Amino acid sequence: MTMSVEDIVPPSNDKWHAHAAKRFASPFTGQRFDRIDVDAMMLSHAAVISGYTINDFYTKPELGAACVANASEMYDLIPMTHWYFSLPWVAEMGAEVEFQPLLPPVVKKPNITDLEMVDKLEVPDLKEMENGFTGQLMTRAQDYIQKATPDKFVPMTYTSDLTGGGAQLCGIENFIMWTMTERDAAHKLTEKFTEVAVNGAELMAKRYGSAFISTGSVLANNDIFSDTDVEELSAKYLRKFVDRSLRKGAGPQVLYHLCGNHETDYKVFKDRLVFTPFTIMHAGYMGREVFPSDVLIKEFGGIATIMGSVDTKIMILPNPKRVYEQAKEQLLRGRDSKNGYILGTACELPPDSYPANVFALVQAARDYGTYGSW
Numbered sequence: 008m009t010m011s012v013e014d015i016v017p018p019s020n021d022k023w024h025a026h027a028a029k030r031f032a033s034p035f036t037g038q039r040f041d042r043i044d045v046d047a048m049m050l051s052h053a054a055v056i057s058g059y060t061i062n063d064f065y066t067k068p069e070l071g072a073a074c075v076a077n078a079s080e081m082y083d084l085i086p087m088t089h090w091y092f093s094l095p096w097v098a099e100m101g102a103e104v105e106f107q108p109l110l111p112p113v114v115k116k117p118n119i120t121d122l123e124m125v126d127k128l129e130v131p132d133l134k135e136m137e138n139g140f141t142g143q144l145m146t147r148a149q150d151y152i153q154k155a156t157p158d159k160f161v162p163m164t165y166t167s168d169l170t171g172g173g174a175q176l177c178g179i180e181n182f183i184m185w186t187m188t189e190r191d192a193a194h195k196l197t198e199k200f201t202e203v204a205v206n207g208a209e210l211m212a213k214r215y216g217s218a219f220i221s222t223g224s225v226l227a228n229n230d231i232f233s234d235t236d237v238e239e240l241s242a243k244y245l246r247k248f249v250d251r252s253l254r255k256g257a258g259p260q261v262l263y264h265l266c267g268n269h270e271t272d273y274k275v276f277k278d279r280l281v282f283t284p285f286t287i288m289h290a291g292y293m294g295r296e297v298f299p300s301d302v303l304i305k306e307f308g309g310i311a312t313i314m315g316s317v318d319t320k321i322m323i324l325p326n327p328k329r330v331y332e333q334a335k336e337q338l339l340r341g342r343d344s345k346n347g348y349i350l351g352t353a354c355e356l357p358p359d360s361y362p363a364n365v366f367a368l369v370q371a372a373r374d375y376g377t378y379g380s381w
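Laid out in C-alpha cells, this is it:
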C-alpha cells in the first residue's frame, strides 16, 4: 500500500514553530529574541536522513517539502519550509532535464549548439511556465506546504544563478569560451534567462502572493572570472531580475547567495544589487577558506542581514567538534552585525552530512549566539 506524505512525517509542533518564527523575524524587526538563527540550506539531506533518496527529493516535491519541514524542526533551524529545485526554468527554455538515481538532476545535453540558435531562443509566457516542467514541480511543492503546514508557508521564487542558468543551455564550457570569443552571445543567453526568471517570479507572486526571492551568483565567481566579468555577467543581471521581480509583486525579502569563491569580486555587488529592508547577504568562500563574517559585515552589514558560512566540506567529515569550532569563530566575528546575523553553511547542506554536524551548528549558535550572553 502506498503511504501518503502525512503518514510519513510526524505532525508539526505548534509551540516550536511559534518560538522559531519569532526568532527568525528578530533581525528584520530590530529585536533580539532567543538566539541567532541557523539556516543549514536544507535540500535533499532532509530526504536522506528520513530514509529516502536524492531522487525522491527532486521527483516527489511533496515528500521533499515534508522532509525539509520535519528536519528543520528536528534540528531547530529556520521555521519556513522551502523546496529548492536545482535547475529552475532551464526546461522551459528547451533543455532536457534528466533525473539521477543518487545525484541531483542534470541537463542531459545542451539544446543551444550554435550562435544562431541564441537569437531564435524564445521566452515562454506565464501560462507556458505554469504548465511547464519546473513550474509544475515548484507549484506542487508550494501547494503542499500551503495546505499541509500553512504556518510554515512563505511563497518563494527561486532562480539560483542567472549566469549559470543561461550557461546550462549551451553547456558550461562552451559558455565560458563564449564569454571570451562571443561575448554578445553570452549576454543574450543570460538576458533571456533573466527574462524567464522574472516571469517565474511573477508566476509565483500571482499564484501565492508576495514571494521570497532567492537568487545569487554561482558560475560567476573568482575561480572563473575577473571582478569586472562578474560585475558584467552576473551583478547587473541580478539587479535587473530583482528590480523587475519586485515590481511584479515578488519580495520584499531577498536572499543573495554568492556561491563559491568570491575572494575579491564581492565588492562589485554592493553598488549593483537592489537591497530591501529584508535582504540577506551570504557569501560562501574567500579563496579556499570560508568567507569571513567580519569582512562580509564591513561591506554589507549596514544594508543587509548577514549570513555567515561554515564550510560544507566539513559537514561530511566525522568531526562535530570541528564544525562547532568553525561556527563559533564565525559567530564571534558576525553576531554584532547592525542588521542581524544568521549562521549558515557555505552552500547546500551535503546530502550525506552527519546529523551530529548539523546539531553542532545549532549548539554553537546557542553557546555563542544567545542574546544577552555577550
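Take the sequence shown: its position 246, counting from 1, is numbered 253 in my numbering, and each next residue is one higher. Virtual Cβ for every residue (Gly too), placed ideally from N, Cα, C. Since we're looking at a predicted model, the values are computed, not measured.
If you run the structure through DSSP and keep just helix, strand and coil, what is residue i?
i	result
isoleucine 313	strand
arginine 342	coil
asparagine 268	strand
glycine 376	coil
leucine 253	helix
tyrosine 215	helix
leucine 196	helix
glycine 139	coil
methionine 288	strand
leucine 133	helix
glutamate 189	coil
asparagine 20	coil
methionine 293	strand
tyrosine 263	strand
glutamate 435	The question about residue 435 has no answer here: the residues shown for the chain are numbered 8 through 381.
valine 369	helix
methionine 8	Confidence at methionine 8 is low in this model, with a pLDDT of 45, below 50, so its placement is unreliable and the value that follows should be read with caution. Looking at methionine 8 - three-state DSSP - the assignment turns out to be coil, as it is neither helix nor strand.
valine 114	strand
alanine 334	helix
histidine 26	helix
cysteine 354	coil
alanine 227	coil
leucine 149	The residue asked about is misnamed: residue 149 is glutamine in this sequence, not leucine. Glutamine 149 falls in the helix class under three-state DSSP.
How big is the Cα-Cα spacing for residue i and residue j?
i	j	result
aspartate 158	methionine 293	37 angstroms
valine 365	alanine 47	8 angstroms
threonine 66	alanine 204	21 angstroms
isoleucine 61	leucine 110	6 angstroms
isoleucine 220	asparagine 206	13 angstroms
leucine 384	glycine 341	Residue 384 is absent from the structure shown; the chain starts at 8 and stops at 381.
leucine 280	aspartate 14	44 angstroms
alanine 155	aspartate 236	44 angstroms
alanine 212	lysine 29	24 angstroms
isoleucine 321	valine 330	7 angstroms
cysteine 177	glutamate 129	15 angstroms
glutamate 202	tryptophan 96	11 angstroms
serine 316	proline 86	19 angstroms
arginine 254	valine 114	31 angstroms
leucine 133	proline 34	34 angstroms
threonine 197	aspartate 150	30 angstroms
threonine 319	lysine 22	30 angstroms
proline 284	phenylalanine 160	20 angstroms
According to DSSP, residue i sits in a beta bridge with which residue or residues?
i	result
threonine 164	Ile220
aspartate 44	Ile349
leucine 50	Partner(s): none; leucine 50 has no beta bridge.
Going by other Cβ atoms of all chains shown within 10 Å of its Cβ, with 16 needed for buried, is residue i buried or exposed?
i	result
isoleucine 323	exposed
glutamate 296	exposed
methionine 187	exposed
proline 325	exposed
glycine 309	exposed
alanine 25	exposed
methionine 8	Only weak support is given to the placement of methionine 8: the predicted model assigns it a pLDDT of 45, under 50, and the value that follows is read from those uncertain coordinates. Exposed, by the Cβ-count rule.
threonine 352	buried
lysine 328	exposed
glutamine 107	exposed
Any heavy atom of the ligand FMN closer than 7 angstroms to the CB of residue i?
i	result
alanine 257	Absence of the ligand FMN from the depicted structure is noted, as is the absence of any ligand whatsoever, leaving it without description.
Exercise. Can at least three beta-carbon pairs, one atom from the stretch 59-73 and one from the stretch 83-94, be found at a separation below 8 angstroms?
Worked result: yes
Exercise. Counting pairs of beta carbons, one from the stretch 239-249 and one from the stretch 265-281, are three or more of them closer than 8 angstroms?
Worked result: yes
Exercise. Quick check: the stretch 365-378 against the stretch 333-343, are there 3 or more CB pairs under 8 angstroms?
Worked result: yes
Exercise. At a cut of 8 angstroms, does the stretch 133-144 reach the stretch 166-185 through at least three beta carbon pairs?
Worked result: no
Exercise. Between the stretch 98-108 and the stretch 34-43, are three or more C-beta pairs nearer than 8 angstroms?
Worked result: The stretch 98-108, when compared against the stretch 34-43, does not touch it at the 8 angstroms Cβ threshold.
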